[in-house]
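Undergrad:
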Amino acid sequence: MAENIFPYKAQKETLPNGLKVIMIPMETPGIVAYYSVVRTGSRDEVEPGKSGFAHFFEHMMFRGTKTYPGAVYDSIVTSIGANANAYTSDDITAFHLNFAKEDLERVIEIESDRFQHLSYAKPAFQTEAGAVYGEYRKSITQPFSLLNEKMQNVAYDVHTYKHTTIGFEADIKAMPEAYDYSKTFFQRFYRPENVVIVICGDIDPATTMAWVKKSYGGWEKGYVAPKVTPEPPQTAERTGDVTYPGKSLPIIDIAYKGDALDPNNRDFVAALLLGDLAFGENSDLYKKLVIQEQKVQFISPSIPPNRDTPLFEIYSMVKTPEDINYVRDEVYKTLESFKTTPVDAARLEGLKKRNKYDFLMGLDTPDHVAGGLARFVAITGDIDVVDQLYKTSDTITAQDVMNAAKKYFVPERRTVVVLKGAK
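All residue numbers for the sequence shown refer to this note's numbering, where the first residue is 384 and numbers rise by one.
#1: With DSSP as the reference, please indicate the residues paired to H479 in a beta bridge.
#2: Comparing alpha-carbon positions, which option in I414, E410, Y418 and M409 lies nearest V760?
#3: What's the gap between the Cα of D691 and the Cα of I582?
#4: According to DSSP, V801 sits in a beta bridge with which residue or residues?
#5: Give the range of the beta strand (DSSP E) segment to which L694 is assigned.
#6: I707 and I637: beta carbons closer than 8 angstroms?
#7: Relative to the C-alpha of Y391, which candidate in L743, E492 and M443 has its C-alpha closest?
#8: Taking the Cβ atom as the reference point for each residue, do T548 and H479 lie within a distance shorter than 8 angstroms?
#9: When DSSP labels each residue in this structure, what does K640 get in the three-state scheme?
#10: So for G600, helix, strand or coil by DSSP?
#11: Taking only three categories from DSSP, how would you classify L756?
#12: Could you name the residues of the same chain whose beta carbon sits closer than 7 angstroms to that of V625, not counting the 5 residues immediately before and after it, in chain order?
#13: DSSP state of V679, grouped into three classes?
#14: Does DSSP put M444 in a helix, a strand or coil?
#15: To the nearest whole angstrom, what separates the beta carbons of V541 and P749, a pair I think is in contact under 8 angstroms?
#16: Residues bridged to M406 by DSSP?
#17: What number of angstroms, rounded off, separates the C-alpha of Y562 from the C-alpha of V515?
#18: Assuming the contact rule is C-beta atoms closer than 8 angstroms, G605 and R649 should be a hit. Round their C-beta distance to whole Å, please.
#19: Please list the terminal residues of the continuous alpha helix (DSSP H) segment that includes Y456.
#20: Just checking my contact of L731 with A661 at CB under 8 angstroms: how many whole Å lie between their CB atoms?
#21: Going by Cα to Cα distance, which pick from Y791, T567, L487 and N468 is closest to L655?
#22: For F445 and G453, what's the separation of their Cα atoms in angstroms?
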């Protein structure tokens, strides 16, 4: 059995109310990272007309409480020299701070307060809703945002991955009228059983847990998981086109329905390696299309870990519209070759070693450690999946890669969307 790759010893404790705390002491004198991982993202937005609320709540959480109104919260964060921010994706909403270790107790106090006692009036809610719509209008001016919105809408029928994290435009426009709904969203999802706190850096676990219990112990349970409708198996290829209103080189997005994150699923783990082997910067196709023929600006794979059925994607920005079909067919031919020709064993082992090296080199600060773990925590509720993934990866063979290619990268699982700039 391979040794664990994660180099730090984590200490875990779960409060009686279900709040899980993962503490990772590190030799980073004086520096601490604090992540509040809410295991809710756009995936959980099951009510019709209410897409985008997970992201919207990322904004609202900075509006403060009666004890620490937004301006007071901001002044405290500034006074301790902390860096506070947040982000939302399909399976996660994460709030994170970096600060000096002497301020840990204060950070626990102000974070626990807003997670339990968020308070905002209707005018503030409507102001933030307007800001979110402005963010949408800004984001959709980017070609990749427009492409991604189209791809998800075409590829999914019933699953909530059909909409992007920011939501359908019609739903975002309607947000100012959903003040009462917003209160229920907070009550449903911001509960201790649905949150994991990850604290990394120069910490004393015993003292840290005493502070956590004091501040979070009274947080009441109440989380009920939403009933997300599973996406039925896709049975035929889908295609779509989108026109970007400005100037842009064509972008082709070739997506295949994959499997949810499972470190024991050899097909899934092999697909992670296949993405790099077939389309990474050291791949034959990259060298051909980017360097030798210079037909594309780039070609890149995306094999994401998700709670439910994700899209395994290959993106490429093509230099001339006449080459779109050529590039598409080269991607198909490459995938077909991986179904019939075993990858060189030395090349496969080299990729595994590089992946480990890159992962370990990314664990250099408390923020990088907590940030690198956050998505795994959101999907699985723990960090053990990381070691399990790398243990399985160590055992992946050339035959496993062939099996993954045959399973996932087939026409009936495929959706192809092409973006072109306005003429």
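Yeah, the Cβ is synthetic: ideal placement off N, Cα and C, and Gly gets one too.
TA: Concretely, from the data shown:
#1: Y418 and N468
#2: Y418
#3: 27 angstroms
#4: D624 and I635
#5: L694 to V701
#6: no
#7: L743
#8: no
#9: strand
#10: coil
#11: helix
#12: L529, L530, K533, V800 and L802
#13: strand
#14: coil
#15: About 40 angstroms separates the two Cβ atoms, so there is no contact after all.
#16: Q394 and I582
#17: 14 angstroms
#18: Contact flag wrong, Cβ pair sits at about 38 angstroms.
#19: G453 to S462
#20: Not confirmed; about 12 angstroms, so no contact.
#21: Y791
#22: 6 angstroms
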